[in-house]
Structure formats: C-alpha cells, structure tokens
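*Asks:* Take the sequence shown: its position 111, counted from the start at 1, is 316 in our numbering, and no numbers get skipped. Beta carbons are placed, not taken as given, at the ideal position from N, Cα and C, and that holds for glycine. This is the structure I want to talk about, given as structure tokens.
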Amino acid sequence: MLIKRLHESTGQRLQAAGILESAREAELLLEEALGLDRAHLYLDGATEIPAQALAKLEAWLVRRCAREPLAYIIGEQEFWSLSFRVTPAVLIPRPETELLVEAALMVATTAAPPFRGPLLDVGTGSGAIAVALARELPEALIYAVDRSPAALEVAQANAIRHGVADRVRFIATDLLGGVRPGRMFPLVVSNPPYVAREILPDLQPEVREFEPRLALDGGPEGLAIIRRFPALLKAALAPGGWFFMEIGADQQTAVLDLFRATPFLEQIEVRSDFAGLPRVFQARRHGESTCRAAQRADRRA
C-alpha cells in the first residue's frame with residue numbers, strides 16, 4: 206500500500222473510533238511506525254510500505270482504536286521540549302503541568318546566590334517535573350518521591366536519558382516517609398492525584414481505562430492527598446520556601462480555604478492555565494530564606 210493511501214485510511218479509522226485529533230494522531234502513528242518525519246510523510250506519499258511496517262502500524266492502530274493512549278503505544282511523550290519514556294505505570298505528562306515547572310523556575314532562577322536546592326518533587330510519576338527542573342537548574346539537587354516502584358523505574362530511566370541522574374534522587378515512599386527527618390526544602394512541587402473519585406467513571410476511556418488509578422484518584426472531591434500537604438509542608442518546607450502544586454479546575458475555593466487556614470503560609474494564590482482555568486496553587490512559608498540569611502550574615506561580617 207502507498208503511504209498516501211495508508212495515511213488517509215488511518216485517519217478515517219481513528220475518526221470512526223471517536224479519536225478527536227484523528228488527523229494529527231494518524232500522522233504520529235505513521236511517523237513512528239515508518240521511521241519518517243512529517244515532511245517525508247507527505248513527500249514520499251507514492252512510496253510503497255514494507256510488510257513489516259504495515260504489520261506494526263496495524264497492531265498499533267488496533268490498540269489506539271480501542272482507546273489506548275497514543276503515548277503508551279509509542280512509549281514516548283513530549284514535555285518541556287524533552288522526550289520522556291512513558292508506560293502504563295505512570296501518568297502521561299500534560300502541557301498544563303509545564304505551568305508548574307515555569308512557576309517553580311521563576312522562584313529558583315531569581316534566587317541569589319544561584320539556587321542549589323535541595324528541591325522536593327512529591328509524586329514524581331514519570332519524573333517529568335523533576336527532570337525538567339534538573340535540566341534548567343544545573344546546580345540543584347532534587348529529591349523525587351513516589352509510592353509506585355514501577356513509576357520510579359520509569360522516572361530513573363528518564364533521568365538517565367536526559368543526563369541528570371546524578372542530581373535526582375528517587376525515593377519509594379508515601380509523601381515524606383523515606384525522606385530524612387528534619388531535612389528542609391526551599392522549594393517543594395507536586396502534581397498529586399486530584400481527580401474526585403466520584404467522577405472517575407466519567408473520564409475519557411484513555412484516562413479511565415488505561416492511566417494508573419493511583420496517580421488519578423484523589424479520593425472524595427479529589428482532596429484526600431491535598432489535605433495532607435499542610436502537615437507535610439510544616440515538616441519539610443524551609444522558612445521563606447515556596448510550594449507549587451497542580452490542582453483541578455474546580456478545586457480553587459476548597460484549596461485556598463484549606464491553605465489560608467494554615468498559619469505559617471503566606472502569598473497564597475492560584476495561577477490559571479492556558480484555557481483560563483485555575484491550575485497551579487502557590488504559597489510561601491513565613492520567614493527568611495536560608496540564601497537571604499546567608500547574604501545578610503556576609504554583609505554583617
């Protein structure tokens with residue numbers, strides 16, 4: 206079969222299966238299965254496809270029409286302009302989560318002297334947040350924790366892939382269980398499970414049937430894990446330190462009420478995502494950061 210005809214039929218099958226971005230996903234499937242970039246996909250439209258590549262594409266197409274996420278089929282997902290390995294053990298990184306990385310970097314890159322951490326990523330999953338931050342903060346040490354050993358294997362592979370494995374320490378633990386008591390972090394980030402348990406059955410099949418429930422299920426109202434963060438921050442967030450957390454679009458009021466009742470936090474607010482929906486919660490702990498305290502001590506000396 207010619208590439209052009211296969212391209213058309215692939216898009217038609219995806220559309221019939223209810224895939225919203227059927228045209229773009231047809232391109233991606235063909236690019237990966239045939240080893241072509243997008244330009245050659247169109248320039249080589251009259252080229253015959255080898256039988257082996259056809260069989261590979263057909264197997265992938267059957268899986269995608271069954272609503273398995275494309276990222277799991279090809280084993281890759283782009284995040285922060287980096288390619289991350291993904292498996293069904295991890296949540297697929299979303300573009301909205303890049304806002305969390307941006308917010309953390311705004312704090313870290315304006316620190317003086319240069320930010321070295323340690324930084325804490327709670328619920329690291331694929332390691333996308335931790336790896337992206339490690340790439341942007343070449344002097345920073347990052348602790349990345351997750352309850353899932355299988356997820357941590359994927360995260361470790363991604364850290365190795367992007368050359369930051371020496372500065373990202375992965376710990377299998379629930380929240381802070383495996384972190385040394387008394388260790389304080391000037392920056393804490395998290396994309397916790399925040400989907401309300403009661404709406405899990407209503408999610409798209411790609412999410413409901415294939416992504417790990419452990420990374421999605423936030424309990425009643427999606428707040429079960431989020432409600433544990435004030436205690437975590439009291440133990441782990443350094444004076445003057447910042448906390449950034451992704452939240453659900455309908456959770457702004459509940460999350461703000463929760464953290465405004467936390468007496469040691471200030472500068473509490475929520476940032477909106479590309480669609481104008483509440484997405485990234487932020488707060489700062491009262492007190493002077495260790496960096497600024499050191500600067501003042503130097504001036505006094």
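Have a look at residue 236 and residue 243 and give me their C-alpha separation to the nearest angstrom.
*Replies:* 7 Å
*Asks:* Residue 384 bridges to which residues according to DSSP?
*Replies:* In DSSP, residue 384 forms no bridge with anything.
*Asks:* Can you tell me where the beta strand (DSSP E) with residue 326 in it begins and where it stops?
*Replies:* 324-327
*Asks:* Under the three-state reduction of DSSP, which class applies to residue 487: helix, strand or coil?
*Replies:* In this structure, residue 487 counts as strand in the three-state DSSP scheme.
*Asks:* When the distance is taken between beta carbons, is residue 278 closer than 9 Å to residue 211?
*Replies:* no
*Asks:* Return the bridge partner residues of residue 447 from the DSSP annotation.
*Replies:* 392 and 489
*Asks:* Helix, strand or coil: how does DSSP classify residue 454 here?
*Replies:* Residue 454 falls in the coil class under three-state DSSP.
*Asks:* Can you give me the Cβ contacts of residue 425 inside the same chain, cut-off strictly under 8 Å, excluding the 5 residues immediately before and after it?
*Replies:* If the five residues before and after residue 425 are omitted, its C-beta is found closer than 8 Å to the C-beta atoms of 401, 402 and 403, all from its own chain and listed in chain order.
*Asks:* What separation, rounded to the nearest whole angstrom, lies between the Cα atoms of residue 227 and residue 267?
*Replies:* 14 Å
*Asks:* Taking a contact to mean a Cβ-Cβ separation below 9 Å, would you say residue 233 touches residue 270 in this structure?
*Replies:* no
*Asks:* Sort out for me which residues DSSP pairs residue 348 with in a bridge.
*Replies:* 325 and 374
*Asks:* Measure the Cβ-Cβ separation of residue 389 and residue 446 and say whether it is below 9 Å.
*Replies:* Taking 9 Å as the Cβ cut-off, residue 389 and residue 446 qualify as a contacting pair.
*Asks:* Quick one: what's got a C-beta closer than 8 Å to residue 310's C-beta in the same chain, skipping five residues either side?
*Replies:* 338, 341 and 342
*Asks:* What does the alpha-carbon distance come out to for the pair residue 280 and residue 469?
*Replies:* 42 Å
*Asks:* Give the secondary structure of residue 273 by DSSP, where H, G and I count as helix, E and B as strand, and everything else as coil.
*Replies:* coil
*Asks:* Which of the three DSSP states, helix, strand or coil, is assigned to residue 476?
*Replies:* strand
*Asks:* Residue 492 and residue 435: beta carbons closer than 9 Å?
*Replies:* no
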